[in-house]
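Only one structure is covered here, and it is reproduced in the block below.
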Amino acid sequence: MLIAGMEEVSAQPVDGEPAPAPLMIDIFGTSRNEVEAELQRRRERLGDVPISASLLGPNEMDLGGIRDTREAVAAVPGLNWTTDTGNERSNNITIRGIGANVIGGGVDPGVAMYIDDVFIGRMAGFGTDFVGLDRIEVLRGPQGSLYGKNAIGGAVKQHLAPPGMDNSAAARIDGGTYAYRRALAHANVAVIPDRLAARISVGALRQDGTVHDRSTGRDINDRDNWGTRLQMLARPNPDVEYQLNLDHAQDRATRTAIAGFDDALRYVTDATRPYDSHRDNSGITAKALWRTPGFDVASVTAVRHIGFGGEGSDFSGKDQWQWGQFDDHKQVSQEVRLSSNAAGDWRWQGGVFLYADDYHTRSYQELHSIAALFGKAYGYRETSVANERQWNAALFGEVEWTFVPTWRLTLGGRLSHENKWISYSHAPGATGAVLGVSQTVTTDRDYQNISPKMVLAHDLDPGVMAYVKVERGYKSGGFNDAFSKTSTLHFNPETAWNYEAGLKSTFLDDSVDLNLATYCTDWRHPQVQMANPTGTITGNSGSARILGGEAELAWRPAKGWEVSSGLGYMDARYLRYANHPTRDATGNRLPYSSRLTSVSAIQYQRFVTPWTKLFGRVEWQYRSSLYFDALNELRQPGYGIANLTVGAIGDGWRVDVWGKNLLDKAYRIGAADYGTALGGKVAGVGEPRMIGAGLSVEF
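Residue numbers in the sequence shown follow our numbering, run continuously in steps of one, and reach 1631 at the last position.
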């Protein structure tokens, strides 16, 4: 079957019907809890894993038209995606209200992102288009034990489909409104049958702008992306496996389209110089797996590079100011894991994680028509430059004990040490600094942490499992690295204790899956904006508390039908935040935290000839109101998005028609208040209605 990432799934026959061709898989006939995933670093049935998690597999991504991380996040209850004010450098994911409340180069993400088992250290590495993807796994709540670094809110894992030991190829093209053009293809070659295989995947996406810039007459917020991936797989014998993956992706567009807070909902802005940006993301990954009679050894070694640059003017149409940001990030990581593979009452796994990165960032602000307000001349510029380095070393492990046939106890933990170093300078113009403190500072900090985990699970009945879980998440501190208003650049770590109970069940002859979870998260010292005598900096507030739950239902009432619904509820508030730059924010809702999120869908498939099948999916995504700021002034009202896909699958081909945001609902995806002098309240806007068609073929 051809999916959004152009991967193949083996065909299975439908009872009483002909065995389908490869593209004609029975896509709704399997319990979702029976699907295997690697949520806890070992392959297990989704229904056996005591954790609140969601899996987006080929069916969900393909029929849901999911093209990138942003659209994947929208399809999972309890998650939110924002790009702050539209900047692709600052892609932020929140899970259950926890993410990066302050978005900038010196602030780590609050959700750990893994691509092909490789940890991604910077938010600029999030959000690239999917090329060669198999599935996405989402783990809700702190994952401090097995995932550790930056997993205080949870983890998102993107898994690639490995090369197959066959010769095959597939391609897909899409076209739609706003001159949307997308092409994906892959080729798989069995170099040595059953021993060595290679796979190359390529993809490109272009789209005209969706926001009209009245100052220049241009349509901005366009897309111009492409990527490629080469994978090699060697299996010298059944117990040994090696993989080598090389990838590169780049974006070239005026993707950042910021407008006045209300203008954003009309898809118009006034940027005398639209913010043009580029992003390059590339890497090399080497993976190895050795199986022995008692345990498996897995190794993941990776080197990655992210480059970003962008600059543009304000959004008032008055040429008030201009700014630019330029980043270069290099990271190296190594993880080695050992895990038991023998049947019995005891299971264990553990390992070591090593990570180092080198980050260079340069930001400038240039005053134009507002320069006189600061006592400066037109064109006055200040520049911040920071060189940052960090390294992290961690030991992690857990043991699971089945002490009676239906009861399991898991104890785990992670011990980590981290060092961060910065050399920061802020250079004023010729007449003295007004936008930041003129200074040159070199400093470093060390962080140590222990994150424990305890899970108790009970099999109530075949197909029904209940659990309780306690786990601690942690995110280290960092530095203010651009236009800092203080010589004390440092801010402190944050921690979160999560208390969770859940139920996973499959019943009515495997026709219904129902998974439930409820939780309370105690978030201590979240990293936020705080007051300082010379301005606003990143610091730490007192605490926040998040109460909520999730419910996911999948019902297969008859052959070919599936009805699914996911619901997330949370009440996320600051318990203490008295040091906000403007006023006390204690009691306010956390940014990016909708009380209610839901995703519901109805899917249907039917054979109309022995080798032709019709299919369709209608989907409704809903998010209640949320705020983009801690003062709860920048508000996005609740909104719903309707999506639709219908089509036909034949012997080696597929054709479909799709629509996204069919009701053409305008909604903000990020907002900020720059103050009256710098343009006031601004916002970025989500995609308008998109309608298109696609054709897939395989050989």
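Built from N, CA and C at the ideal position, the CB exists for glycine as well.
In this text the structure is predicted, and so the values were computed from the model without any measurement.
> Which whole-angstrom value describes the C-beta separation of residue 1624 and residue 1105, a residue pair presumed to lie in contact below a C-beta threshold of 8 Å?
Replying inline: Residue 1624 to residue 1105, Cβ: 10 Å. No contact.
> Are three or more beta carbon pairs between the region 1311-1320 and the region 1268-1287 nearer than 8 Å?
Replying inline: no
>> Under 8 Å, with one C-beta from each stretch per pair, do the region 1247-1266 and the region 1201-1216 reach the 3-pair mark?
In response: The region 1201-1216 and the region 1247-1266 touch, with three or more beta-carbon pairs separated by less than 8 Å.
> Cβ atoms of residue 1128 and residue 1165: under 9 Å apart, would you say?
Replying inline: yes
>> With distance defined between alpha-carbon atoms, name the residue in 1514, 1312, 1217 nearest to residue 1232.
In response: 1217
> Hey, residue 1528 and residue 1506: beta-carbon distance below 9 Å or not?
Replying inline: no
>> Under DSSP, the beta strand (DSSP E) around residue 1453 begins and ends at which residues?
In response: 1444-1456
>> Suppose contacts are defined by Cβ-Cβ distances below 9 Å. Is residue 1522 in contact with residue 1574 by that definition?
In response: no
> Can we say the region 1402-1419 touches the region 1374-1387, given the rule of at least three CB pairs closer than 8 Å?
Replying inline: yes
>> Count Cβ pairs between the region 1063-1083 and the region 1341-1352 that sit closer than 8 Å; are there 3 or more?
In response: With the rule of 3 Cβ pairs closer than 8 Å, the region 1063-1083 counts as touching the region 1341-1352.
> Got a sec, what are the start and stop residues for the alpha helix (DSSP H) residue 1006 sits in?
Replying inline: 1001-1006
> Among the residues of its own chain, which have a CB less than 6 Å from the CB of residue 1612, if the five just before and after it don't count?
Replying inline: none
>> Could you check whether residue 1546 and residue 1525 sit closer than 9 Å to each other, using their CB atoms as the reference points?
In response: no
> In chain order, what residues of the same chain lie with their CB nearer than 6 Å to the CB of residue 1220, ignoring the 5 residues before and after it?
Replying inline: Same-chain partners within the cutoff: 1174, 1231.
> For the beta strand (DSSP E) that contains residue 1259, what are its first and last residues?
Replying inline: 1253-1272
>> Can you give me the C-alpha to C-alpha distance between residue 1518 and residue 1471, rounded to a whole angstrom?
In response: 15 Å
>> Quick check on the DSSP output: what are the complete alpha helix (DSSP H) runs of length 4 or more inside the region 1531-1608, in order along the chain?
In response: Those alpha helix (DSSP H) runs which fall completely within the region 1531-1608 and span 4+ residues do not exist here.
> What is the DSSP secondary structure of residue 979, reduced to helix, strand or coil?
Replying inline: helix
> In this structure, does DSSP put residue 993 in helix, strand or coil?
Replying inline: If DSSP states are grouped into helix, strand and coil, residue 993 belongs with the helices.
> By Cβ distance, which residues of its chain are closer than 7 Å to residue 1365, with the 5 residues on each side in sequence left out?
Replying inline: 1314, 1358
> Can you give the beta carbon distance from residue 1631 to residue 1101, rounded, assuming they're within the 8 Å contact cut?
Replying inline: 5 Å
>> Counting beta carbon pairs with one atom in the region 1325-1336 and one in the region 1298-1311, are three or more of them shorter than 8 Å?
In response: no
>> How far does the beta strand (DSSP E) with residue 1220 in it extend, from its first residue to its last?
In response: The continuous beta strand (DSSP E) containing residue 1220 extends over residues 1208-1223.
> Going by alpha carbons, who is nearest to residue 1234 out of 1075, 1343, 991, 1179?
Replying inline: Scanning 1075, 1343, 991, 1179 for the CA closest to the CA of residue 1234 turns up 1179.
> Which of helix, strand or coil does DSSP assign to residue 953?
Replying inline: Low confidence applies to residue 953: its pLDDT is 35, below 50, so where it sits in the model is not reliable, and the reading given next is rough at best. Of the three classes helix, strand and coil, the one that applies to residue 953 here is coil, per DSSP.
> Leaving out five residues before and five after residue 1286 in sequence, what residues of the same chain have Cβ atoms less than 6 Å from its Cβ?
Replying inline: Within the same chain, and ignoring the five residues on either side of residue 1286 in sequence, the residues whose Cβ sits closer than 6 Å to its Cβ are 1266, 1325.
> Along the chain, where does the beta strand (DSSP E) that runs through residue 1071 open and close?
Replying inline: 1065-1072
> If you check the beta carbons only, do residue 1484 and residue 982 fall under 9 Å apart?
Replying inline: In terms of Cβ geometry, residue 1484 and residue 982 do not form a close pair [threshold 9 Å].
>> Less than 8 Å between C-beta atoms, sequence neighbours within five positions excluded: which residues of the same chain meet that for residue 1125?
In response: Closer than 8 Å at Cβ, skipping near neighbours: 1097.
> To which residues of the same chain is residue 1479 closer than 6 Å at the C-beta, ignoring the five residues directly before and after it?
Replying inline: 1452, 1503
>> Quick check: residue 1421 and residue 1375, are their CB atoms within less than 9 Å of each other?
In response: Yes.
> Considering only residues of the same chain and omitting the five flanking positions on each side of residue 1427, which have a CB-CB separation below 6 Å?
Replying inline: 1406, 1456
> For residue 1066, does the count of other Cβ atoms within 10 angstroms reach 16, so buried, or fall short, so exposed?
Replying inline: buried
>> Assuming residue 1435 and residue 1398 are in contact, meaning their beta carbons sit under 8 Å apart, how far apart are those beta carbons, in whole angstroms?
In response: 5 Å
> What residues in its chain sit with their C-beta under 6 Å from that of residue 904, if we drop five residues either side in the sequence?
Replying inline: Limits of the chain in this structure are 933 at one end and 1631 at the other, which puts residue 904 out of reach.
> Quick one: Cα of residue 956 to Cα of residue 1580, how far?
Replying inline: Legend: pLDDT at residue 956 = 37, less than 50; position of this residue unreliable, value from coordinates given subsequently. Going by the C-alpha atoms only, they are around 9 Å apart.
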